[in-house]
Amino acid sequence: VLLIVAGAFWYEKRRSDDLAQVAKQLGFSFERGQQALPRDLVEADFYLFSQGPSLLRNLMRGDYQGRPVRVFGYAFSAAFGDEGMREIPNSDDDGVIETRMQTVVWMRNDRRLPEFDLAPTGGPIRSVGKRFGFTAVGFDERKAFHSAYTLTGRNPAEIRRYFNSAVLDYLTIHSGITVESRGREVLLYRQEQRLSGSEIPSFLDSAGVLLAHLQQPE
Numbered sequence: 295v296l297l298i299v300a301g302a303f304w305y306e307k308r309r310s311d312d313l314a315q316v317a318k319q320l321g322f323s324f325e326r327g328q329q330a331l332p333r334d335l336v337e338a339d340f341y342l343f344s345q346g347p348s349l350l351r352n353l354m355r356g357d358y359q360g361r362p363v364r365v366f367g368y369a370f371s372a373a374f375g376d377e378g379m380r381e382i383p384n385s386d387d388d389g390v391i392e393t394r395m396q397t398v399v400w401m402r403n404d405r406r407l408p409e410f411d412l413a414p415t416g417g418p419i420r421s422v423g424k425r426f427g428f429t430a431v432g433f434d435e436r437k438a439f440h441s442a443y444t445l446t447g448r449n450p451a452e453i454r455r456y457f458n459s460a461v462l463d464y465l466t467i468h469s470g471i472t473v474e475s476r477g478r479e480v481l482l483y484r485q486e487q488r489l490s491g492s493e494i495p496s497f498l499d500s501a502g503v504l505l506a507h508l509q510q511p512e
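What follows is the structure in structure tokens.
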């Protein structure tokens with residue numbers, strides 16, 4: 295047990311050191327370890343942060359391609375295939391509790407986007423429709439997009455304008471990303487995936503390209 299604990303501690307310290315180095319290369323500040331979610335992220339009412347405690351880990355802050363950016367780790371516990379919750383879920387004899395960890399990128403846009411939730415199909419339950427009053431948004435002519443993603447939002451007609459051909463093509467090619475839009479604030483992450491330090495710059499580039507496409511409504 296002690297070896298397992300020591301190994302986990304060593305791994306997390308090494309990861310923090312790696313992230314600190316990447317933050318320095320990007321010109322970002324870096325706050326090591328666990329801390330409370332900033333108030334503005336809590337008040338934005340993102341779905342992800344309803345899945346567990348209001349805590350993040352290893353926070354990077356800076357500007358990237360003219361946008362304020364934060365990069366951090368977020369983790370929560372959930373029953374297998376189900377949603378998370380603020381409290382630690384209880385497992386019965388048939389249930390399995392798993393820890394879901396992901397690297398999250400927050401960005402702020404110059405212009406507002408519609409409120410929507412985009413997530414890969416086939417993942418854990420996401421009751422965003424029930425919680426936020428979102429409805430399904432479809433693109434009948436885009437079968438590849440439909441098979442890869444589930445898109446819901448508050449104003450389907452407006453969202454279709456922003457999900458132009460460039461956005462749909464980009465998402466079809468770069469599958470697996472989750473996007474939560476709350477006006478000018480956007481979260482981007484891959485569910486249950488923690489990025490290594492070397493993967494963060496390319497993910498920021500991808501996020502920047504996607505948001506640039508989204509800000510060109512048809």
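Going by the working numbering, the residue at position 129 of the sequence shown is 423; the numbering climbs one at a time, nothing skipped.
Glycine included, every Cβ here is placed at the ideal spot set by N, Cα and C.
Query, Result
"Neighbourhood of Phe497 by C-beta distance below 7 Å, restricted to the same chain and skipping five residues each side", "Val399 and Leu489"
"Buried versus exposed, by CB contacts within 10 Å (16 or more), Asn420", "First, the amino acid is wrong: residue 420 is Arg here, not Asn. It is buried - the Cβ of Arg420 has at least 16 other Cβ atoms within 10 Å."
"Nearest-angstrom beta carbon gap, Gln328 and Gly491 [assumed within contact, 8 Å]", "Going by Cβ atoms, the distance from Gly491 to Gln328 rounds to 18 Å, so no, they are not a contact pair."
"N-terminal and C-terminal residue of the alpha helix (DSSP H) that Val503 is part of", "Ile494 to Leu508"
"Closest by C-alpha distance to Leu342, when choosing among Lys437, Arg308 and Thr472", "Thr472"
"Contact check, Pro418 vs Tyr456, beta carbons under 8 Å", "no"
"Whole-angstrom C-beta distance between Leu462 and Phe433, which should lie under 8 Å", "7 Å"
"Touch test, the stretch 322-337 against the stretch 349-367, Cβ-Cβ under 8 Å, three pairs minimum", "yes"
"Enclosing alpha helix (DSSP H) for Thr466 [first to last residue]", "Ser459 to Ile467"
"Sequence-distant residues of its chain with Cβ nearer than 8 Å to Val431 (five each side left out)", "Phe410, Leu445, Thr446, Gly447, Pro450, Ile453, Arg454 and Phe457"
"Beta-carbon proximity list for Val299, same chain, < 7 Å, skipping 5 on both sides", "The predicted position of Val299 is uncertain, since its pLDDT is 47 and thus under 50; a value taken from the coordinates is nonetheless stated next. Correct list: empty, nothing qualifies."
"Local Cβ density within 10 Å of Gln345, reported as buried at 16 or more and exposed below that", "buried"
"Residues bridged to Asp357 [DSSP beta-bridge criterion]", "Pro362"
"Contact under 8 Å by Cβ, Arg361 with Gly378", "no"
"CA nearest to the CA of Thr357, picked from Glu337, Phe340 and Asn403", "Residue 357 is actually Asp in this sequence, not Thr. Nearest option by C-alpha distance: Asn403."
"Unbroken stretches of the beta strand (DSSP E), 3 residues or longer, contained in the stretch 310-346", "323-330"
"Cβ pair Leu407, Val336 closer than 8 Å", "no"
"Alpha-carbon spacing of Ala506 relative to Arg405, whole angstroms", "11 Å"
"Distance between beta carbons of Leu465 and Phe439, contact taken as under 8 Å", "6 Å"
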